[in-house]
Structure formats: C-alpha cells, structure tokens
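In my numbering, each residue carries its 1-based index in the sequence shown increased by 35.
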Amino acid sequence: MSVRRRSKGAVPVNVRAHWFVLMAVLFALGIALVVQGYMHHLATVGYDSAPVNGPSGSVPKAVSQGGPVIDARNGAVRTVTPPDRTVALTFDDGPDPVWTPQILDVLRKHQVHATFFVVGSAAIENPDLVRRIMAEGHEIGVHTLTHADLGTADEWRRQLEVQGAQDAIMGITGHAASLLRPPYSSGNGAVAGGTWSAMQASADEGYLTVLSSLDSGDWRLPGVGEIERNLAPSGPQGQVILMHDGGGDREQTVAALDSALAHFADKGFQVTTVGDAIGVDTMRPATAMEQASGTALAWGIRLSGFVVTAISWALVAAGAVTFIRAVLVVFFAARHSRAARRISTAGRGRRRVDVLVRPEVTGPVTVIVPAYNESAGIEAAVRSIVASTHPVEIIVVDDGSTDGTADIVDALGLPGVTVIRKENGGKPSALNAGLQAATHNLVVMVDGDTVFEPDTVHALIQPFADPRVGAISGNTKVANRGGILGAWQHIEYVVGFNLDRRLFDVAECMPTVPGAIGAFRRDALLRVGGVSDDTLAEDTDLTMSLCRDGWRVVYKDDARAWTEAPASLSALWKQRYRWCYGTLQAMWKHRGAVVQGGAAGASWGGAASATCSSSRCCFRCSRRSSISSLSTA
C-alpha cells in the first residue's frame, strides 16, 4: 500500500525530537552494557590462580632482590622491609560481603590492624564494608578496578584500572590511597618485565607498590593447618604477609587467621598495617572534586548495574509472558476454530441445541476503496469486489493520486462502481469521504492493493446479525509470498495476526480491524465521529473508539483478503514504524479506557475487556465472567 501524506489537521509528528530521545536512550543503554561488560566479563577476581613468575632482565636487582615495599617515585628505586618482629598483614580481592566482615571481627578480637587492597568493583558493590574498614582503623590500598593483570594490560587500561579503583575509594571513604598491589603478584623474585613497567608508570602517579614476603597460600585452599604453617615466622625478620578476604571461599583463611594472630602475639610480633610498618602515612584526604568524581563513578557503575539487572529480569519476564501467551493463543485459537465449525455445522441444518444460529445477513453493502497512487493494483482490487456473490456498491475514493488511479477505474466501466476524486488529505479523509457517500448502513473498507475472494464480503458481514456487533475484522493473507521476506510475512500474518485475532475474539477485546479488510456499521462510525487522523494507525484508533462506545468487535476467519506485503526492507521498516508509532499514539489517546467501565474498560461484574493495541501491542485484557456467544457455543 502506498504511503500517504498526512492531512493538514493531523497531529504533527516531531521526528527530530523522538529520534533524538530514541538515540539518547539507546546510547545510554549501550554505555550501561559496555560498563557492566567491562566490570564483570573482563574481571578475573574470583578465579584463584598462581602468581605470575619472573623475573625479567629489565627488572633492577634492587627490586628483584629487595624488600616487598617498592618506591620508584622520582626516578630512583628504593625498597623497604618492615622492621624485625613486625608483620604487615595484607588482604587482597575484597571486600566480600561474607568473608570480609568475619576477618574484621577476628582482627578486632585480637586488637590488630591490617591493610586491605580492595578491588574497585567490589568496593562499589559493598561500600559499607569499605567504610567499616576505615572506621576500624585499617588501611586501604588499590588492587585495580576489575582485578586486571597490569603486567599484560595496555597503558590505557592500566590507567583505567588504577584510577578507577582510586576513584571508587575516594568516593566511598573521602580519602585517597597511595598503596598499590598489582593483581597476581607475589614476592619480589616473581616480578616480570611487564609488571615492572606497570609499577614504574604507577610510581610516576605517586603510588608505592606493595608485594609480599610471606604468602599464606590461602588462595589454593590447602587447608587450615597448611595456611597456619605457611604463616609461621622462621625468624625475627619483618614480613609483609599476603592473605585474601575475597575472590572465593575464605573459610579456611578466617580460621587460620585467628590462630596465626595468637601465635604472632605469643612470639612477640607486632601485627600492623603496611603504612605503620614502614612509617609512612598512606591515606590522604581527597579533595572535593576528587570525592565528587569518585561518587559519580560509583553511582554510574551502580546505575549501569541496575539497568542491566532490570533488562535481565525484563527479558526473563518477557520470556515467561511470551510462553504463557503462546499457550493461551494456541488454546483459544483451537477453541475459536471448534466453535466456528459448530456454527457452520448447525447452519447446514444439523440439529444442535447448544448453538445459537442467527439469521443470514443478505442486505446490500457499500465497499469503500481509498486509493492513493494505486495504479499497479487498483484494477485487480475493483474487479475482485465486483465479482462478489453479495450485492455491493463500490466507492473508489481517489485521494489526489498522480499516477492515473482514478482514470484506470473509470476506464473499466464496471457497474455499481463510483469514483470520487478529491485533493490529497490522507487515508482517514478519503475514508470519511466514502462514508459520506455511502448509501447502505453496512460498510466494508478495503485497501487499494487488496483482492477479495467472491464470497469474502458475504462471509465478512454475517456477524452483523448480532446487533451488538459494530465492526468485524477479516482474515488478511499475504499475496506476494515469494522470497524470504514474503515468506516470513506470510508466517507472521498466519501466526502472529490471525491466531491472535481468534484469541481476541474469544476474549472480546479485538484491538484492530485492519485497513485491508474490515466491515462496520455506518451509524456506529458516525457516532464516534468517523475515521480520525489523530494517529498514524487510524485503524487501531477507530477500533478503540468503537470499543469504548460499547460496540463489540469480532473476527471472521473465513472472510479472506489477499494483500500486497512490503517487498523490501525499506518498505517493511516504514510500515512497521508507522504501525508501532501509530499504535502508541492510539494507546495514549485512549488511555482513559484503562479505568473506563463497559465494553472497553474494567467491569468486575460482567463481561468486560480492556483496550488492546492490535497484534502489535496490547493494553490488557481484563478478567471476564462471560465470553462471546461464539466461544461458548
């Protein structure tokens, strides 16, 4: 069907505005997905693995053979070891909501302090634990944003990982940390060239690198006894001990820590933080700008996490609803089909007392064909209607066509065919012009590219035997099924549209009488003001108006019309965009139906339905205590 220009009275569509909003929303969603993908899918915290071994020839001996605290600031390399009988206790990979509180409880029990090298992503997820660490006198260091291996990371990622973790710490605590521990590091002898380069770059940014001189090995989960033996000092020399409060099951760490601290006390060792052990103040107050930046980062990551979580749950809910909907569609479509067969059987004279057989509708019908540049298909459409077995009056409304559409119809010289020529005003105005010229109360509307079968009109209008029925939807079929696009649309029309309409018919909430084939009572149309041009989906808008006016809208599956579906992706996109946007417009226009009583709104005492928005979308179909006479047959 050709695309029409809208009439002057139509509601303007601010394309720029809504496209801007759409792109902004998509951009925000994309950013959220990228952030969460980086924070989680690229993160390696939680996967215990052995430290990277080295060293490389590029690592100075002062580092590979020096103390565990490395100061490479100002170009000079200096290493520091804690004094004798001093233990700097450090924990990596936290905070963890399960194990970090237990470790803090053990430290408080023994009245000692430690240094916690926190992962930025974990800190953002557990800010209260980070604040508790600070409040209880412990020290905080940087362990990157996502537990990335700095030795293999590009420079841009190293900066992102270190600064991201620092921002998270500043945003949560209001303090900046000057201690850095690269993930997967251990002692000085294991420092490789890539790690050393990262340590130098971080030193230029003011960081002291803290390795370890005594590895508890708790990341291997060797058992409490083995961890205790690893922690036992072999002499009086000072140590920087490596343990973990996150990244996995740390039950063994908690148990071993309790006994190890008691053992250190018995041996006369002082257990403290790295900063206290080497006599350096490692935490400074963050500036207001730094704290604001850190807070913004933390909330941005939390918001992106909320968005991704919401999308995940929405997908789960959508999957569940889709499955339930599919089951309901199949069930009620089968029920609708059985009911239709019963009526057909009863109509052929078989005795059935449970079926209400209404009189046949034989009165004449006016068929309105709005046409705008339909020269390719208008002849076939008109000839198919003229060949109807039912008496019809045909009114072709040429809506300012420039391809000779009206001349083609005139040249046919077919009886009972009237051509109305008018300036282009849009499909609603063409339909209204035909409606004003119609001489019969029963009106069928059909697109100019649609072909009827001989008995289509007669089959379509039979539900009008019920005086409650104001409109009837026919069964639209795809004529151009060739190619993958046509085949897909054929499947969609059969499954997505017509099976849906069977369900809507049973539930009495038919959302749309399609423009390709629909029948109406003329007086019902006049009561609602004719066909409105307020939306891009005039068929959905009109159907909603009729429902809200108290009319029943039903579906006739044996009234078939063959229409031309879009043959290109561009045409398909334009059609679906118009459908979706127009449906949203119609839903908004008729939003009052949500609380309206009667056939279109909520009615708890009897048969009721809510306004639906076509096979493309739906407000809701409320629970009902009775269904149509067809479905109960």
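Glycine included, C-beta positions come from ideal geometry on N, C-alpha and C. Only a predicted model underlies this, so the values are computations on that prediction, with no experimental measurement involved.
Bridge partner(s) assigned by DSSP for residue i
i      : result
Pro320 : His210
Asp250 : Leu277
Gly172 : Answer is none; Gly172 lacks a bridge partner.
Arg595 : Asn510
Met480 : Ile403, Gly553
Met497 : According to the sequence provided, residue 497 is Gln. The question's Met does not apply to it. BP columns for Gln497 are empty, so no partner.
Lys96  : Paired residues: none, contrary to the question.
Asp127 : Phe152, His279
Lys457 : Asp434
Ile105 : Thr114, Thr244
Arg587 : Val504
Gln305 : Thr121
Val177 : Val153, Leu215
Thr485 : Thr598
Val289 : Looking at the DSSP assignment, Val289 forms no beta bridge with any residue, so it has no partner.
Val452 : Ile429
Backbone CA spacing between residue i and residue j [nearest angstrom]
i      : j      : result
His493 : Gly398 : 9 angstroms
Trp191 : Ala238 : 16 angstroms
Met622 : Gly282 : 50 angstroms
Pro320 : Thr150 : 17 angstroms
Gly101 : Ala345 : 50 angstroms
Ala97  : Thr114 : 7 angstroms
Leu466 : Pro549 : 13 angstroms
Ala52  : Gly228 : 53 angstroms
Leu27  : Ser347 : No answer is possible for residue 27: it lies beyond the span of the chain, which begins at 36 and ends at 668.
Pro132 : Arg285 : 11 angstroms
Asp445 : Asn459 : 19 angstroms
Trp134 : Leu124 : 16 angstroms
Gln631 : Thr578 : 16 angstroms
Gly65  : Tyr73  : 12 angstroms
Leu195 : Leu180 : 8 angstroms
Phe55  : Leu61  : 10 angstroms
Ala645 : Cys544 : Residue placement at Ala645 is flagged as unreliable, the pLDDT there being 36, under the threshold of 50; the coordinate-derived value follows with that caveat. About 6 angstroms.
Asp482 : Gln71  : 48 angstroms
Leu449 : Arg370 : 42 angstroms
Gly252 : Met278 : 7 angstroms
Arg216 : Gly354 : 44 angstroms
Ala184 : Met58  : What sits at residue 184 in the sequence shown is Asp, not Ala. So the alpha carbons of these two residues sit roughly 35 angstroms apart.
Gly641 : Trp586 : Because Gly641 sits at a pLDDT of 34, beneath the cut-off of 50, its placement in the model cannot be relied upon, and the point is left open.
Ala107 : Val94  : 12 angstroms
Leu581 : Val530 : 25 angstroms
Ala170 : Ile313 : 21 angstroms
Trp334 : Ser567 : 47 angstroms
Pro268 : Asp293 : 15 angstroms
Met480 : Val342 : 45 angstroms
Thr116 : Arg337 : 39 angstroms
Gln137 : Asp163 : 14 angstroms
Nearest-angstrom Cβ-Cβ length linking residue i and residue j, presumed shorter than 8 angstroms
i      : j      : result
Val396 : Ile496 : 5 angstroms
Val364 : Leu534 : 5 angstroms
Ala295 : Glu261 : Actually they do not touch by this definition, with Cβ atoms about 12 angstroms apart.
Thr317 : His148 : Between His148 and Thr317 the Cβ distance is about 12 angstroms, and since that is not below 8 angstroms, they are no contact.
Ala203 : His178 : Actually they are not in contact, since the Cβ atoms of Ala203 and His178 sit about 11 angstroms apart, beyond 8 angstroms.
Asp576 : Asp584 : Actually they are not in contact, since the Cβ atoms of Asp576 and Asp584 sit about 13 angstroms apart, beyond 8 angstroms.
Ile403 : Ile430 : 5 angstroms
Val588 : Ala473 : No, Val588 and Ala473 are not in contact; Cβ-Cβ is about 19 angstroms, not under 8 angstroms.
Asp433 : Lys457 : 7 angstroms
Glu414 : Ile455 : With 8 angstroms as the limit, Glu414 and Ile455 do not qualify as a contact, their Cβ atoms being about 17 angstroms apart.
Ala542 : Ser339 : Wrong, their Cβ atoms sit about 40 angstroms apart, outside the cutoff.
Thr618 : Ala554 : About 21 angstroms separates the two Cβ atoms, so there is no contact after all.
His440 : Ser410 : Residue identity check: residue 440 is Thr in the sequence provided, not His. Indeed, because the Cβ distance is near 5 angstroms, the residues count as touching under 8 angstroms.
Ile105 : Leu243 : 7 angstroms
Residue i at chain B interface by Cβ criterion, 8 angstroms
i      : result
Thr230 : No chain B appears in this structure, which consists of one protein chain only.
Check: residue i C-beta below 7 angstroms from any heavy atom of the ligand NAD
i      : result
Asp442 : This structure does not include the ligand NAD; it has no bound ligands of any sort.
Length-filtered (3 minimum) beta strand (DSSP E) runs lying within the stretch 350–429: Complete beta strand (DSSP E) runs here, min 3: 400–406.
Would you list, in sequence order, the uninterrupted alpha helix (DSSP H) runs of no fewer than 4 residues that lie entirely inside the stretch 512–580? DSSP runs (the alpha helix (DSSP H)) wholly in the stretch 512–580: 518–526, 535–542, 557–562.
Does the stretch 603–612 come within contact of the stretch 552–563, defined as at least 3 CB pairs closer than 8 angstroms? Result no; under three Cβ-Cβ pairs closer than 8 angstroms.
Pairing CB atoms from the stretch 326–346 with CB atoms from the stretch 200–220, are three or more of them under 8 angstroms? With contact defined as three or more Cβ pairs closer than 8 angstroms, the stretch 326–346 and the stretch 200–220 are in contact.
Can you find at least 3 beta carbon pairs, one from the stretch 595–607 and one from the stretch 517–535, that sit closer than 8 angstroms? The stretch 595–607 and the stretch 517–535 touch, with no fewer than 3 CB-CB distances between them shorter than 8 angstroms.
Taking 8 angstroms as the cut-off, does the stretch 481–491 touch the stretch 421–441 (at least 3 CB pairs, one atom from each stretch)? Segments in contact, yes.
Are there three or more Cβ pairs, one per stretch, closer than 8 angstroms when the stretch 263–275 is compared with the stretch 161–177? Judged by Cβ distances under 8 angstroms, the stretch 263–275 makes no contact with the stretch 161–177, as fewer than three pairs qualify.
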